[in-house]
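I have placed the structure first, in the form of structure tokens, so that the comments after it can refer back to it.
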Amino acid sequence: MSIETMRFGSTVSPAAAATPAAQADVLCAHCGLVVPEGLVDDSAERQFCCTGCHTAFTILHEHGLDSYYGFAERREAPVRASGRSYEEFDHPAFAQLYVTTTAEGLSRTELYLEGVHCASCVWLVERMPLLQSGVVRAELDVRRSLAVVEWDATAAPLSAIARALDVLGYPPHPFRGVARADMRRREDRAMLVRIGIAGAIAINVMLLALALYSGELNGMESRYTTFFRWLSFAITVPSFIWPGRVFFTGAWAAMRTKSLHMDLPIAIALAAGFVRGGINTITGEGPIYFDGLAILIFALLVGRFLQQRGQRMAADAAELLHAIAPSTARIVEQSSDTVRDIPAEALLPGMVLDVRAGETFAADGVVIRGRSSVNAALLTGESRPTSVEEGGSVFAGTLNVEAPVRVRVEQAGETSRIAKLLRQVEESARRRAPIVQMANRMAGIFTAIVLVAAVATFAIKTQLNATSALDDAIALLIVTCPCALALATPLAITVAVGRAAGNGMLIKGGDALELLSKPGTLVLDKTGTITEGRTALTSWTGPEWVKPLVLALEEGSSHPLADGFRRAWPGMVVPEVEHAHHVTGGGLEGVVGGRAVCVGSPRFVAARTQHVDQLVRDALDTVDRTQTPVHVAVDGVLVAIAGLGDRIRDDALVSLQQLRARGWRTVMLSGDSPDVVASVGRALGFAASDAIGAASPEDKLAFIERCKQQGTVVMVGDGVNDAAAIAAASVGIGVHGGAEACLATADMYLTRPGLGALVELTEGARRTMRVIRRNIAFSIAYNILGAGMAVVGMLTPLIAAVLMPTSSITVVLGSWYGYTFARRQAATTTSESFA
Amino acid sequence: MSVIFIVLPLALLIVGVAVGAFVWSARSGQMDDLETPAVRMLRDEGR
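These protein sequence lines are chains A and B, in that order. Here this note's numbering is used: the first residue of the first sequence is 38, the next is one more, and so on. Here this note's numbering is used: the first residue of the second sequence is -10, the next is one more, and so on.
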């Protein structure tokens, strides 16, 4: 969308723009943000910050949906409609991939919506049947930003529905993981059912146990005691054969693969308790243990469920970003020379693509018409655009920045360069050895010790006094059920992952936290990670009066350098442009306020100037080679030089110093030119050998593999060019605004910009490990205490029943109150980042 | 006191019904999304 349509062309009169904002800030009637000064229209009843908000307001108003504005919690972002036609949504190939038919004969699809925040979004999206004829049902899952739409395909095409959502500020994207989501849903439901049953049984057995314990103290008729014991037995049996079965199948699987798993000692304890309790029920003597066992099953299942959910939420959020990638291309029909949208999956070699400025290439190909420049930062890491001409190659995933071009497709889909890179990514992700968690490592030792202790108890006691030998040995097995130990790691990690998410750090797997807790090598990409990843004005040599002239010309340009000027001088009053002309690969020339102005590359401007201003002549010698120079000439005189470059993030230096102080070796690994990398490296205090430039994705992968031999390697990056390295590293971290491939493979993803989060991550990881160690210490202490009592025969059923849950509760409380990541109340960071 | 021989199984039967209801609700997807329905009812004009 060009600048002209973003702002109301008609309302920006020089007079209005010049009026100083004497009164308080004017708020947008739709999104509630401050309306920029230049856009305040005194004659209008309502003010809007952009056309998007205006359109959305008009639509809601016309359909009588004004009550949307009554919500206390409303959207706080301007409507950013993409304005696309969504024609490809009607393509048969799209329908085959994403659309199903319901029993009522309606079409049904799932769409990911950008910009979903809160309650008002649910309300609005679910009013789609009122806004768009043909829509029968629309339901929104606000946590996952996923809308299910059912519509009558004969009444409205899907593209019309997509456009309607787009206009309201929720650009839709096809949801690609339907099959996997279904599987997860089934898994989740099964797990919930198991927890429900285990919980109901545990509570009822506890009630019966309470009666039995008090009966033991006060005396109870034996017929009641027998009845209660048999009843306990009867209700515990289902808990073992339904919810509790998972532990036995897990232990069996671990035994078959000869690997160690926490399920093994748990299964041993459960089995021992169940068998002994069963025998005691039949004989009518001794403890029955059923209360403790039922509670254990319940607590363990809940712990597992929480752990799984925490990790899934992080994975879901990253997946949402994944789905936002462009999925369509515009092809030119050779026969009629008309252009239409098709899904990117349907592209074939030989087709001709029409790619406008600012769009991403959907396939690898050769330029057959037009000249432009291409930003390949995603693929190569090079931050400066390179120019392409007719016959030049372009690659899928790179951005066309300057002018429209026609491209003949050579490789599409699976065979494109980016797809090959992604395959490499998958392979290195698979190669990565699974990290055995601390608790699981301990489970093996633990099982051995417990079994040896039980056998020893039995043997020694048989020698001394045969009556209680078997009882004590079994009591030992039961009381040492590593319930607290099994909960220690997952619970602490779940709580840490949840808190980290609230702070803008999404963690997909807990094992990454363990690795991050000890210092190693930290490898950072430059473009987009250490730097902001977009062009900004970094130096300006020239008089003030030239600035408005430059800005006036650049206002209408879509070139990324123009963007740098616009961001550097916001709200500047500019004179009228009488005439402007864009020279591809050179710059802009035109007449502004009666003066001939020319802005562009040194060569382009030099060809149009006769004279160089003295001030500028001095600056020419000291120009920084890492920046893109832009020269400005007015009336044939070179009057100003601007330097545009990729600015280093504000918090980069501080964060890197903090990391180094904690023992991390920091390395910058970039695909950018060695000049630029060296200059950034010097500014941020990297050792000269640790600032490596001109690294291809393959080089990065090799570097990571080499470093891995010396210990933990953390790779931080944002582009597809980093993705293979991220997957290969011990811990891969994707940063804010990164490419989809990078997000898919990263173990962690930062949803807020800057490197400060890295410091927090390593600190949080260290504290999380401390909490885990403390949890494990507690649970082992409980077990030693219990085992000791069992060996000397002091363990009464009542003490066992108290001891077992208490150890678990200690661990739960320890995990919850242990300080890992700072607590933040509004944990909506994930949705914010998509706004 | 012997009434407990009837009352207790009866109570467990009721528990069984409650558990059955829970299993049905979880399997029919009523527990899949616990957030959206809570905000959906905020301003519903009788849907």
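For each residue, glycine too, the CB sits at the ideal point set by N, CA and C. Because the structure is a prediction, the values reported are computed rather than measured.
Beta-carbon gap between residue i and residue j smaller than 8 Å
i             : j             : result
residue 326/A : residue 515/A : yes
residue 409/A : residue 621/A : yes
residue 406/A : residue 427/A : yes
residue 148/A : residue 212/A : yes
residue 165/A : residue 132/A : no
residue 828/A : residue 494/A : yes
residue 78/A  : residue 71/A  : no
residue 840/A : residue 823/A : yes
residue 586/A : residue 634/A : yes
residue 788/A : residue 769/A : no
Residue i, enclosing beta strand (DSSP E) - first and last residue
i             : result
residue 742/A : Residue 742/A -> not in any beta strand (DSSP E); alpha helix (DSSP H) instead, spanning 734 to 745.
residue 318/A : Note, residue 318/A: premise wrong, no beta strand (DSSP E); alpha helix (DSSP H) at 300 to 320.
residue 569/A : 568 to 578
residue 703/A : 702 to 706
residue 391/A : 389 to 392
Straight-line Cα distance separating residue j from residue i
i             : j             : result
residue 142/A : residue 188/A : 9 Å
residue 646/A : residue 675/A : 6 Å
residue 304/A : residue 725/A : 56 Å
residue 745/A : residue 825/A : 44 Å
residue 681/A : residue 708/A : 19 Å
residue 276/A : residue 248/A : 20 Å
residue 617/A : residue 716/A : 36 Å
residue 750/A : residue 561/A : 11 Å
residue 343/A : residue 529/A : 11 Å
residue 524/A : residue 804/A : 17 Å
residue 52/A  : residue 80/A  : Residue confidence for residue 52/A is low, a pLDDT of 39 falling below 50, so the modelled location carries little weight; the figure read from the coordinates is stated next. Their Cα atoms are separated by approximately 13 Å.
residue 771/A : residue 309/A : 47 Å
residue 506/A : residue 832/A : 13 Å
residue 489/A : residue 549/A : 34 Å
residue 384/A : residue 186/A : 27 Å
residue 183/A : residue 207/A : 11 Å
residue 452/A : residue 441/A : 25 Å
residue 702/A : residue 389/A : 48 Å
residue 273/A : residue 535/A : 34 Å
residue 578/A : residue 160/A : 53 Å
residue -8/B  : residue 541/A : 59 Å
residue 858/A : residue 196/A : 44 Å
residue 129/A : residue 734/A : 36 Å
residue 544/A : residue 6/B   : 40 Å
Where the alpha helix (DSSP H) containing residue i begins and where it ends
i             : result
residue 135/A : 129 to 135
residue 716/A : 711 to 721
residue 261/A : 259 to 278
residue 293/A : 282 to 293
residue 617/A : Unbroken run through residue 617/A is the beta strand (DSSP E), 614 to 620; no alpha helix (DSSP H).
residue 793/A : 793 to 828
Inter-residue CB distance, residue i and residue j (contact presumed, cutoff 8 Å)
i             : j             : result
residue 266/A : residue 318/A : 5 Å
residue 791/A : residue 684/A : At roughly 12 Å, the Cβ-Cβ gap does not stay under 8 Å, so residue 791/A and residue 684/A are not in contact.
residue 437/A : residue 392/A : 5 Å
residue 171/A : residue 193/A : 3 Å
residue 874/A : residue 628/A : Absent from the model: residue 874/A. The displayed extent of chain A is 38 to 872, so no value can be given.
residue 238/A : residue 331/A : 5 Å
residue 519/A : residue 480/A : 7 Å
residue 300/A : residue 284/A : 5 Å
Reduced DSSP category for residue i - H, G, I as helix; E, B as strand; rest coil
i             : result
residue 67/A  : coil
residue 149/A : strand
residue 325/A : coil
residue 210/A : strand
residue 773/A : coil
residue 631/A : coil
residue 447/A : strand
residue 517/A : coil
residue 181/A : coil
residue 95/A  : helix
residue 759/A : helix
residue 672/A : coil
residue 222/A : helix
Cβ-heavy atom distance, residue i to the ligand ZN, below 7 Å
i             : result
residue 765/A : Ligands in the displayed structure: none, and consequently the ligand ZN is not present.
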